[in-house]
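S.K.: Those sequence lines, one after another, are chains B and V. Be aware that the first sequence starts at 1, since it is given in the working numbering, and climbs by one per residue. Be aware that the second sequence starts at 1001, since it is given in the working numbering, and climbs by one per residue.
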Amino acid sequence: MDPLTLYDERLGSRLLLGSARYPSPAILGEAVRASGCEIVTVSLRREAGGGRAGESFWALIRDLGVKALPNTAGCRTAKEAVATAQMAREVFATDWIKLEVIGEEDTLQPDVFGLVEAARALVSEGFCVFPYTTDDLVVAERLLDAGCRVLMPWAAPIGSGRGVNNAFALRALRAHFPDTPLVVDAGLGAPSHATAVMELGYDAVLLNTAVARAGDPVGMARAFRLAVEAGRAGWRAQPMTPRDMAEPSTPTIDRPFDQSA
Amino acid sequence: MRIRVNGRSLEVQATTLARLLEELGYGDRKVGTAINQEFVRDRDRDATPLKDGDAVEIVTPRQGG
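1. With 8 Å as the C-beta to C-beta threshold (strictly closer), list the residues of the stretch 1024-1047 of chain V near chain B in chain order.
2. Cα separation between B/D8 and B/V150?
3. Check each candidate in B/E117, B/A48, B/A73 and B/R213 and name the one with the smallest Cα separation from B/I102.
4. With a cut-off of 8 Å, do at least 3 Cβ pairs link the stretch 1005-1017 of chain V to the stretch 248-259 of chain B?
5. To the nearest angstrom, how far is the alpha carbon of B/L129 from that of V/L1020?
6. Can you list the residues of chain B that V/E1059 reaches, using a CB-CB cut of under 7 Å?
7. With a threshold of 7 Å on Cβ separation, who are the neighbours of V/E1057 within its own chain once the five nearest residues in sequence on each side are excluded?
8. With three or more beta-carbon pairs closer than 8 Å as the criterion, would you say the stretch 190-207 of chain B touches the stretch 9-18 of chain B?
9. From the beta carbon of B/N208, is the nearest beta carbon of chain V less than 8 Å away?
10. Using the beta-carbon count (16 or more within 10 Å), is B/Q238 buried or exposed?
11. What is the C-beta distance between B/S43 and V/R1062, in whole angstroms, given that I count them as a contact (C-beta under 8 Å)?
12. Can you tell me whether B/T5 is buried or exposed, with buried defined as 16 or more other CB within 10 angstroms of its CB?
13. I'd like to know if V/R1062 contacts chain B, where contact means its C-beta is closer than 8 Å to some C-beta of that chain.
14. So, does the stretch 210-220 of chain B touch the stretch 165-180 of chain B, judging by three or more C-beta pairs under 8 Å?
15. Quick one: which chain V residues come within Cβ less than 8 Å of B/N71?
16. By Cβ distance, which residues of its chain are closer than 6 Å to B/L69, with the 5 residues on each side in sequence left out?
17. Going by DSSP, name the residue or residues bridged to B/T5.
18. Classify V/K1051 as helix, strand or coil using the three-state DSSP reduction.
19. Using CA atoms only, rank isn't needed, just tell me which of B/Y22, B/L200 and B/V91 is closest to B/G215.
20. On the criterion of 16 or more Cβ atoms from any shown chain inside 10 Å, does V/N1036 qualify as buried, or is it exposed?
21. If you draw a straight line from the C-alpha of B/R45 to the C-alpha of B/L60, how long is it?
22. I need the boundaries of the alpha helix (DSSP H) containing B/K79, first residue and last residue.
23. Do B/P227 and B/S192 have their C-beta atoms closer together than 8 Å?
24. Buried or exposed for V/V1040, please, with buried defined as at least 16 other CB atoms from any protein chain shown within 10 angstroms of its CB.
25. How about B/A156 and B/G147: are their beta carbons less than 8 Å apart?
26. Within 10 Å of its beta-carbon, does B/R89 have 16 or more other beta-carbons around it, so buried, or fewer, so exposed?
27. For B/F257, count neighbouring Cβ atoms within 10 angstroms of its own Cβ and tell me buried if that reaches 16, exposed if not.
28. Leaving aside the five residues before and after B/V82 along the sequence, list all residues of the same chain whose C-beta is less than 7 Å from its C-beta, in chain order.
29. Less than 8 Å between the beta carbons of B/D136 and B/V112, yes or no?
30. Pull up the distance between the alpha-carbon of B/A172 and that of B/A233, whole angstroms please.
31. Compare the C-beta of B/F130 with all C-beta atoms of chain V and state if any pair is closer than 8 Å.
32. Rounded to whole angstroms, what is the Cα-Cα separation between B/A186 and B/T84?
33. Run the CB neighbour count on B/A26, radius 10 Å, all protein chains shown included, and call it buried at 16 or more, exposed below.
34. Of the residues B/W154, B/G29, B/G36 and B/A48, which one's Cα is nearest the Cα of B/F57?
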């Protein structure tokens, strides 16, 4: 597959994988390997003085040899998100941050106003911001104005597995920002969903629940890897233009029994 | 002094953030810290005083999507 560049980092995989909700750490590790992904999202959570959960989880991610992309999941305000990103930079030793500012509980829809505010603040501090956003074109413009060099629009609400809710909006984003890496983040459920967004010309997909909550997460990680590769290859091969009516594929000239000649 | 640590109200002896981490048994573990929603860098913890009513966050790596 052709390489992908995100914030000057060249990547061989166009699949980014979340690390949450797997049946066990071992299955998480196997799924990451089966997916072929090079970037895994992680988070920060509270831990008591005697706890060891953070340490053992971080050791697992390090052993997998992947790049960690910390998130600000669960943050409700720009202020919370900025502080979380600053803590993440220190703990994970990376400038990369998947920026989430959640505005609504039922859909986990981004608060795009807080998102732009936080993005601007973080870019000014040297962060490489991966904003989890809606498919709104004007918000995307504002995020780029704020200094983001990657956009991560949703396909559908986080964890819903619905696939693409608004193909028109995703197509419009692709057409409007031909040179900005676009990563679909959230809402995919089946490998065919990943193929569909890659066929729209998206640069990558970010998944978590679709793999982690599958009956066989490792098998599903492999399926998504193939689906992403298929969609990318299809996009690069330039799909035919659809038409409304049939067009014979077998030559009509010299058809036996043809009475029209 | 009474402060909140990770959302729980605690009576503590420590007067700086660095001392608080020692008092609560974090040792030399890599943690992220914030006070009243403001990030406090690792190297600033010694010089960061605590005051009554502060809300301290102490976080470590975890699974995330």
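Cβ coordinates follow ideal geometry from the N, Cα and C atoms, glycine included.
M.R.: Working from what's here:
1. L1024, G1025, Y1026, R1029, K1030, V1031, G1032, T1033, A1034, Q1037, E1038, F1039, R1041 and D1042
2. For the purposes of this step, residue 8 of chain B is taken as the residue at position 8 of the first sequence. For the purposes of this step, residue 150 of chain B is taken as the residue at position 150 of the first sequence. The straight-line gap from Cα to Cα measures roughly 11 Å.
3. Counted from its first residue, the first sequence places residue 102 of chain B at position 102. Here the closest residue by C-alpha is B/A73.
4. no
5. By one-based count along the first sequence, residue 129 of chain B stands at place 129. By one-based count along the second sequence, residue 1020 of chain V stands at place 20. In the sequence on display, residue 129 of chain B carries Val and not Leu. Near 32 Å, if we compare the C-alpha coordinates of V/L1020 and B/V129.
6. Here residue 1059 of chain V is taken as the residue at index 59 of the second sequence, counted from 1. The sequence given here has Val at residue 1059 of chain V, not Glu. Per Cβ cutoff of 7 Å: L44, R45, R46, E47 and M87.
7. Along the second sequence, one-based indexing puts residue 1057 of chain V at 57. Counting only Cβ-Cβ distances below 7 Å, and skipping sequence neighbours, we find N1006, T1033 and A1034.
8. yes
9. Along the first sequence, read from residue 1 onward, the residue named residue 208 of chain B stands at position 208. Output row for B/N208: interface = yes.
10. Counting from 1 along the first sequence, the entry for residue 238 of chain B is found at position 238. With fewer than 16 other Cβ atoms within 10 Å, it is exposed.
11. For this step, residue 43 of chain B is matched to residue 43 along the first sequence. For this step, residue 1062 of chain V is matched to residue 62 along the second sequence. That belief holds up - the Cβ atoms of B/S43 and V/R1062 are roughly 5 Å apart, short of 8 Å.
12. Position 5 of the first sequence, counted from the start, is the residue given in the question as residue 5 of chain B. It counts as exposed.
13. Within the second sequence, residue 1062 of chain V is the residue found at index 62, counting from 1. Judged by the 8 Å Cβ criterion, V/R1062 is in contact with chain B.
14. no
15. To locate residue 71 of chain B, count along the first sequence from 1; it is residue 71. G1064 and G1065, listed in chain order.
16. For the purposes of this step, residue 69 of chain B is taken as the residue at position 69 of the first sequence. Result list for B/L69: I39, T41, W96 and K98, in chain order.
17. As a first step, residue 5 of chain B is located in the first sequence; it is residue number 5 there, counting from the start. For B/T5, which the question treats as bridged, DSSP gives the partners B/R10.
18. Here residue 1051 of chain V refers to the residue found at position 51 of the second sequence. Reduced to three states, the DSSP call for V/K1051 is coil.
19. Residue numbering aside, residue 215 of chain B sits at position 215 when the first sequence is read from its first letter. With distances taken between Cα atoms, B/G215 lies closest to B/Y22.
20. For the purposes of this step, residue 1036 of chain V is taken as the residue at position 36 of the second sequence. Looking at its Cβ environment, which holds fewer than 16 other Cβ atoms inside 10 Å, V/N1036 is exposed.
21. In the first sequence, counting from the first residue as 1, residue 45 of chain B sits at position 45. In the first sequence, counting from the first residue as 1, residue 60 of chain B sits at position 60. Spanning the two alpha carbons is a distance of roughly 16 Å.
22. For the purposes of this step, residue 79 of chain B is taken as the residue at position 79 of the first sequence. Note, B/K79: alpha helix (DSSP H), A78 to F92.
23. For the purposes of this step, residue 227 of chain B is taken as residue 227 along the first sequence, with counting starting at 1. For the purposes of this step, residue 192 of chain B is taken as residue 192 along the first sequence, with counting starting at 1. Per the sequence shown, the amino acid found at residue 227 of chain B is Ala instead of Pro. Yes, these two residues count as a Cβ contact at 8 Å.
24. Position 40 of the second sequence, counted from the start, is the residue given in the question as residue 1040 of chain V. With 16 or more other Cβ atoms within 10 Å, it is buried.
25. The residue given as residue 156 of chain B occupies position 156 in the first sequence. The residue given as residue 147 of chain B occupies position 147 in the first sequence. Contact: no.
26. For the purposes of this step, residue 89 of chain B is identified with residue 89 of the first sequence, where counting begins at 1. So B/R89 ends up on the buried side.
27. On the first sequence, position 257 is the one that residue 257 of chain B refers to. That one is exposed.
28. In the first sequence, the residue the question calls residue 82 of chain B occupies position 82. Excluding residues within five positions, the ones whose Cβ falls inside 7 Å are A118, A121 and L122.
29. Sequence index remark: in the first sequence, residue 136 of chain B carries index 136 (1-based). Sequence index remark: in the first sequence, residue 112 of chain B carries index 112 (1-based). Yes, the pair counts as a contact, with Cβ atoms nearer than the cut-off.
30. Translated into the one-based positions of the first sequence, residue 172 of chain B becomes position 172. Translated into the one-based positions of the first sequence, residue 233 of chain B becomes position 233. So the alpha carbons of these two residues sit roughly 21 Å apart.
31. Translated into positions along the first sequence, residue 130 of chain B becomes position 130. Output row for B/F130: interface = no.
32. The count along the first sequence starts at 1 and reaches residue 186 of chain B at position 186. The count along the first sequence starts at 1 and reaches residue 84 of chain B at position 84. Between B/A186 and B/T84, the C-alpha separation is close to 20 Å.
33. Position 26 of the first sequence, counting from 1, holds the residue named residue 26 of chain B. Exposed is the call here.
34. Walking along the first sequence from the start, residue 57 of chain B turns up at place 57. Out of B/W154, B/G29, B/G36 and B/A48, B/G29 has the C-alpha closest to the C-alpha of B/F57.
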